[in-house]
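Numbering (the numbering used here), first residue to last: 12 to 323.
1. Once DSSP output is grouped into helix, strand and coil, what is the label at residue 278?
2. Would you tell me roughly how many angstroms separate the C-alpha atoms of residue 242 and residue 108, rounded to the nearest one?
3. For residue 135, name the three-state secondary structure that DSSP assigns.
4. Apart from the five residues just before and just after residue 207, which ones in its own chain have a Cβ nearer than 6 angstroms to its Cβ?
5. For residue 116 and residue 246, which I take to be in contact (beta-carbon distance under 8 angstroms), what is that distance rounded to the nearest angstrom?
6. Please go through the same chain and pick out, in chain order, the residues whose beta-carbon is closer than 6 angstroms to the beta-carbon of residue 248, but skip the five residues on each side of it.
7. Just the C-alpha distance for residue 154 and residue 265, rounded to the nearest angstrom, thanks.
8. From residue 5 to residue 53, what distance separates their C-alpha atoms?
9. Whole angstroms are fine: how far does the CA of residue 25 sit from the CA of residue 306?
10. By how many angstroms is the C-alpha of residue 180 removed from the C-alpha of residue 91?
11. Measuring alpha carbon to alpha carbon, tell me which residue in 102, 287, 188 is nearest residue 234.
12. Once the 5 residues before and after residue 157 are set aside, which same chain residues still bring their CB inside 6 angstroms of it?
13. Counting only runs that start and end within the segment 90–161, where is the alpha helix (DSSP H) found for 4 or more residues in a row?
14. Residue 141 to residue 124, Cα distance in whole Å?
15. Below 8 angstroms, can you find three or more Cβ-Cβ pairs linking the segment 78–87 to the segment 274–283?
16. Under DSSP, the alpha helix (DSSP H) around residue 81 begins and ends at which residues?
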């Protein structure tokens, strides 16, 4: 039953995500109280996602690091710069919305990028290494990026944010890799499959609980917020394209292009939502939560483009 649930979630996650957002908004008075559990749930989800990872895979990619470095540059420099510039132009009088937009596009690459990369025959070592390295560096990248772009406009408790991110992201990832490296064959082959359904439940829990804080804005959409929805959709679509373009510029093969497309385009939105909910006003959460509605659908669309335009 758990395996069927896991398969269902992987196949229909682009439909499950908006349902979770609707549930979170509808029952916000109840689900907002779940936030106290969010850091622990997220840490478990990170641990499960990293169980298939090994230090050896990362070392192998670092022998030829150009694609990895280029992907990280796109994720943490190019996209935040574009997003901040566009946000300031379109929403000059609302730095909360700009902060939410920047936050959404400075979080690390998503674990689900591994799934989409494998479906379209990407470079699995690159996909894995990007998620691992980006996840471990997230506690440093996220506060630094926010401080650089919006630190003069909003108050950021960078040290406390870094501590929480280390607990939720970096530490569970490193522990999982140690389990993979030293825990024996059962940990490598059995644990990921057994724990995968529970990880999907964690995704649902996080989406529902994080949506609660943005409920007032989702319930009362105005012209400004509708503009945010459109802009976030276009930026999310551009993120995938940026990864593809970057791979072409450095003349990578088809498999690497696939991995860079999904690796740069797909973000750990749950991490962004957790940070937004914990450290910023509710309005900051809105752009992040809205992005959850687009990510999986856009991944499927780009998968169609990959099949049509990329030849092995």
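From the three backbone atoms N, C-alpha and C, an ideal C-beta is built for every residue, glycine too.
Let's see:
1. strand
2. 11 angstroms
3. helix
4. 17
5. 7 angstroms
6. 309
7. 34 angstroms
8. Since the first residue shown for the chain is 12 and the last is 323, residue 5 is missing from the structure and cannot be characterised.
9. 8 angstroms
10. 20 angstroms
11. 102
12. 167
13. 90–101, 106–115, 123–130, 135–161
14. 10 angstroms
15. yes
16. 77–84
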